[in-house]
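Participant: In my numbering, the protein residues as written are 26 to 116.
A single structure is presented below for examination.
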């Protein structure tokens with residue numbers, strides 16, 4: 026698909042390595058050929074990510090005015106992030 030988007034939520038199981046590993050994921054995404062990388066959660070909010078949201082609710086609010094349309098979208102995060110709530114905002 027021409028338009029590739031990833032939405033990644035915090036990973037809760039990392040313990041002391043959390044800060045470093047969240048930044049590693051941001052760096053990896055920056056190196057890939059993706060149109061948009063969206064990061065959600067307290068751990069990702071401490072990274073250098075350009076588009077980041079503190080929680081799912083703030084991203085959902087943004088998506089009501091800026092929906093993700095006609096794109097191939099990957100959504101992944103710890104179960105406790107409840108990212109499935111975003112599905113109703115994706116066209």
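Cβ atoms here follow ideal geometry from the backbone N, Cα and C, with glycine treated the same way.
1) To test your reading of the DSSP string, which unbroken beta strand (DSSP E) runs of 3 or more residues are found completely within the region 34-107?
2) Checking 9 Å against the spacing of the C-beta atoms, do residue 50 and residue 98 come in under that value?
3) Alpha carbon to alpha carbon, how far is residue 80 from residue 67? Give it in angstroms, no decimals.
4) Taking residue 71 as the reference, give the member of 55, 88 and 45 with the closest Cα.
5) Using a 10 Å radius around the Cβ and a threshold of 16 neighbouring Cβ atoms, would you call residue 57 buried or exposed?
6) When we look at the beta-carbon of residue 35 and count the other beta-carbons within 10 Å, is it buried (16 or more) or exposed?
Facilitator: With the structure as the only source:
1) 61-65 and 97-101
2) Here residue 50 corresponds to residue number 25 of the chain shown, with the count starting at 1. Here residue 98 corresponds to residue number 73 of the chain shown, with the count starting at 1. Their beta carbons are not under 9 Å apart, which means residue 50 does not touch residue 98 by this criterion.
3) By one-based count along the chain shown, residue 67 stands at place 42. By one-based count along the chain shown, residue 80 stands at place 55. In a straight line, the C-alpha of residue 67 is about 7 Å away from that of residue 80.
4) Against the chain shown, residue 71 aligns to sequence position 46. Nearest C-alpha to residue 71: 45.
5) On the chain shown, position 32 is the one that residue 57 refers to. Looking at its Cβ environment, which holds fewer than 16 other Cβ atoms inside 10 Å, residue 57 is exposed.
6) For the purposes of this step, residue 35 is taken as residue 10 along the chain shown, with counting starting at 1. The residue in question, residue 35, is buried, as its Cβ has 16 or more Cβ neighbours within 10 Å.
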